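For reference, the structure is listed below as structure tokens.
Protein chains in written order, with the working numbering: chain A, 1 to 253; chain B, 254 to 563.
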């Protein structure tokens, strides 16, 4: 059984059918990419699966359990993590605290214990800080551990989001354009990072416009166009598919 | 957050310990007590406004509930003041929790309007239920007894309030740097990001709203017993605005800013008394100027200038 099963998924915003009858399966342990021209519905698809939007029709199952309609925080409990195309970093916090927030569900969140500074809680927080610092090291932000989030560059914040998602210890990680706006050197670093994450056993779903990166990393690729599934397959199959070439180049191939 | 944030707490405690011995007369002692009471309320309010990023324009209403519980229950029903105080806090907590769920579906201006309305309703209720509350004239509050001895003179009150303030500062510092506090700050920074890492944002907003309301209610009771008299003005809109102003002037999301804001805005009207009739104008100008030149509030602005964390 696939880790994530999506069947007949649709969402309409008024008359706009942003995603229409899209279905696919993602097996555990692979890197699965979603590509398509701008406005094809990739981010909407992410928002549907991660609970930010509720689907109009269709079904999403994680490990066999129906998850559509559940809120993002309920999905977080089931090991679904994501990053955002437009950065969602808490600028009012330090870099390492942003990562620590990722571990929210693994911590004792009791208000009274926190206010009275229970020793157990404090000890766990100190461990977590070390853990978060290691994660920042893992994503290549080792030198920013003491930094404030609002003092970091765009490229660094992109990776900080990945570190925060990893702090959740997710099973399934959605990366929404992790290389968008990055220079070629940073793009290669993110490419290596995604590979490292996948090698750590986390199933990665990737939306990305950098085709070199997509072809490099993906075990399977889903192509969307105008909210519909155009095709799905391995990198080789997608590269040769005339429909895909037509969608990207606008030619009547 | 670094270890050195607790250094400020030691400074606060040191000041509180020395203060009664250097104050020239009882006028200043009274002022110090009222500053400390306001500081505790503002600390709670800053957790809601500064840290969690939610506005409340009705907090004086919660103060009013606490104050009137301490006035009405012992006077009309013969309750022990401590019991009355607890009852006021529980009632406030329940009311805040009941209204918080629908209120926190709202954001920004709508949230401000809803809390404003709540505060006004409470203040109107206190004004109109004259057979219990004395109506617009207010009513006297019996003295507070603690374990057999009565809190009667200002010196005793000072030490009680100083203890409350020190504990509140300590607890606030602890809370901010904890999983609960990080979740609060995260939902302020990015609501959607905090949701996807598993923060149930409505629950956290409700929790901090209830907590700051209960803080306000308890301090309302303390004020009522200290002053020995309550009136509906205590619960009205202008008092709510005054409290929010203390948060903003002192510094949003700054524990020590809350203290500075409360101290300054409690002292300012006294200091401006010499302007006779113009004091509101001067007061307003000071607020405007400080917002124009220090939009982040006093303590964060100064902290940034001297390269230290607020």
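Heads up, the beta-carbon is just placed ideally off N, CA and C, and yes, glycines get one too. In this text, all values refer to a predicted model and were calculated from it rather than measured experimentally.
Quick one: is residue 541 of chain B buried, meaning 16 or more other Cβ sit within 10 Å of its Cβ, or exposed?
As a working note, residue 541 of chain B is residue 288 in the second chain. With fewer than 16 Cβ atoms within 10 Å of its Cβ, residue 541 of chain B is classed as exposed.
For residue 550 of chain B, name the three-state secondary structure that DSSP assigns.
Residue mapping note: residue 550 of chain B aligns to position 297 of the second chain, counting from 1. DSSP places residue 550 of chain B in coil when its eight states are reduced to three.
Alpha carbon to alpha carbon, how far is residue 286 of chain B from residue 397 of chain B?
As a first step, residue 286 of chain B must be located in the second chain, where it is residue number 33. As a first step, residue 397 of chain B must be located in the second chain, where it is residue number 144. Approximately 16 Å between the Cα atoms of the pair.
At the 9 Å Cβ level, is residue 258 of chain B part of the contact set with chain A, yes or no?
By 1-based counting over the second chain, the position of residue 258 of chain B is 5. No, residue 258 of chain B does not count as interfacial toward chain A.
Range of the contiguous alpha helix (DSSP H) that encloses residue 382 of chain B
On the second chain, position 129 is the one that residue 382 of chain B refers to. Careful: residue 382 of chain B lies outside any alpha helix (DSSP H) and carries neither H nor E.
Where the beta strand (DSSP E) containing residue 102 of chain A begins and where it ends
The residue given as residue 102 of chain A occupies position 102 in the first chain. That residue, residue 102 of chain A, is in no beta strand (DSSP E); it is neither H nor E in DSSP.
Closest to residue 158 of chain A by C-alpha separation, out of A:54, A:176, A:198, would be which residue?
By 1-based counting over the first chain, the position of residue 158 of chain A is 158. Looking at the Cα atoms, A:176 is the closest of the given residues.
For residue 30 of chain A, which three-state DSSP category applies?
For the purposes of this step, residue 30 of chain A is taken as the residue at position 30 of the first chain. If DSSP states are grouped into helix, strand and coil, residue 30 of chain A belongs with coil.
Could you name the residues of the same chain whose beta carbon sits closer than 8 Å to that of residue 77 of chain A, not counting the 5 residues immediately before and after it, in chain order?
Along the first chain, read from residue 1 onward, the residue named residue 77 of chain A stands at position 77. So the qualifying residues of the chain are 105.
Residue-level contact to chain B via CB, residue 89 of chain A, 9 Å cutoff
The sequence position of residue 89 of chain A within the first chain is 89, counting from 1. Closer than 9 Å to some Cβ of chain B, the Cβ of residue 89 of chain A qualifies, so yes.
Leaving out five residues before and five after residue 144 of chain A in sequence, what residues of the same chain have Cβ atoms less than 7 Å from its Cβ?
On the first chain, position 144 is the one that residue 144 of chain A refers to. The residues are 95, 136, 152, 156.
Indicate the three-state DSSP secondary structure (helix, strand or coil) for residue 562 of chain B in the structure shown.
The residue given as residue 562 of chain B occupies position 309 in the second chain. Bear in mind that the predicted position of residue 562 of chain B carries a pLDDT of just 48, short of 50, making it unreliable; the figure below should be weighed with that in mind. In the structure shown, residue 562 of chain B sits in coil (DSSP, three-state: anything other than H, G, I, E or B).
Per the contact definition of three or more C-beta pairs closer than 8 Å, is the region 488-498 of chain B in contact with the region 331-346 of chain B?
Because the criterion of three Cβ pairs below 8 Å is not met, the region 331-346 of chain B and the region 488-498 of chain B do not touch.
Would you kindly check if the distance between the Cβ of residue 110 of chain A and the Cβ of residue 433 of chain B is under 9 Å?
By 1-based counting over the second chain, the position of residue 433 of chain B is 180. By 1-based counting over the first chain, the position of residue 110 of chain A is 110. Contact: yes.
Can you name the residues of chain B whose CB is closer than 7 Å to the CB of residue 76 of chain A?
On the first chain, residue 76 of chain A is found 76 positions in, with the first residue counted as 1. Neighbours of residue 76 of chain A on chain B, chain order: 449, 450, 451.
Taking the straight line between their C-alpha atoms, what separation do you get for residue 312 of chain B and residue 162 of chain A?
Mapped onto the second chain, residue 312 of chain B falls at position 59. Mapped onto the first chain, residue 162 of chain A falls at position 162. Distance between the alpha carbons of residue 312 of chain B and residue 162 of chain A is about 39 Å.
Can you list the residues of chain A that residue 445 of chain B reaches, using a CB-CB cut of under 8 Å?
Within the second chain, the letter at position 192 stands for residue 445 of chain B. Neighbours of residue 445 of chain B on chain A, chain order: 52, 72, 84, 88.
Under the DSSP definition of a beta bridge, which residues are partnered with residue 158 of chain A?
The residue you call residue 158 of chain A lines up with position 158 of the first chain. Answer by DSSP bridge pairing: none, since residue 158 of chain A is not bridged.
Any C-beta of chain B sitting closer than 9 Å to the C-beta of residue 209 of chain A?
Translated into positions along the first chain, residue 209 of chain A becomes position 209. No - not a single Cβ of chain B is within 9 Å of the one on residue 209 of chain A.
Residue 546 of chain B at chain A interface by Cβ criterion, 9 Å:
Here the question's residue 546 of chain B lines up with position 293 in the second chain. With a threshold of 9 Å between beta carbons, residue 546 of chain B makes no contact with chain A.
Residues from the region 402-435 of chain B in contact with chain A, defined by Cβ distance under 7 Å
424, 427, 428, 431, 432, 433, 434, 435
Within 8 Å, do at least three Cβ pairs link the region 274-284 of chain B to the region 422-438 of chain B?
In short, these stretches do not touch, since the Cβ pair count stays below three.
How about residue 467 of chain B: is its C-beta nearer than 9 Å to some C-beta of chain A?
For this step, residue 467 of chain B is matched to residue 214 along the second chain. Residue-level contact check: residue 467 of chain B does not touch chain A, since none of the beta carbons of chain A fall below 9 Å from its beta carbon.
Quick one: grab the DSSP three-state call for residue 148 of chain A.
Working through the first chain from its first residue, we reach residue 148 of chain A at position 148. Strand.
Along the chain, which unbroken stretches of the alpha helix (DSSP H) at least 4 residues long are found entirely within the region 326-366 of chain B?
334-356
For residue 205 of chain A, which three-state DSSP category applies?
Your numbering for residue 205 of chain A matches position 205 in the first chain. Residue state, collapsed to three classes: strand.
Put residue 21 of chain A into one of helix, strand or coil per three-state DSSP.
Along the first chain, one-based indexing puts residue 21 of chain A at 21. Note: residue 21 of chain A maps to strand in three-state DSSP.
Compute the distance between the beta-carbons of residue 550 of chain B and residue 508 of chain B, then report whether it is under 9 Å.
As a first step, residue 550 of chain B is located in the second chain; it is residue number 297 there, counting from the start. As a first step, residue 508 of chain B is located in the second chain; it is residue number 255 there, counting from the start. Not a contact, by the Cβ cut-off of 9 Å.
Per-residue contacts from residue 183 of chain A into chain B (C-beta, under 7 Å)
What you label residue 183 of chain A is simply residue 183 of the first chain in a count that begins at 1. Going along chain B, no residue has its Cβ under 7 Å from residue 183 of chain A, so there is no contact; the nearest lies around 25 Å.
Inter-residue Cα distance where the pair is residue 455 of chain B and residue 246 of chain A
As a first step, residue 455 of chain B is located in the second chain; it is residue number 202 there, counting from the start. As a first step, residue 246 of chain A is located in the first chain; it is residue number 246 there, counting from the start. Using only the alpha carbons, I get a separation of about 46 Å.
Could you tell me which chain B residues have their CB closer than 9 Å to the CB of residue 140 of chain A, listed as they occur along the chain?
Position 140 of the first chain, counting from 1, holds the residue named residue 140 of chain A. The contacting residues do not exist; residue 140 of chain A stays about 20 Å from chain B at best.
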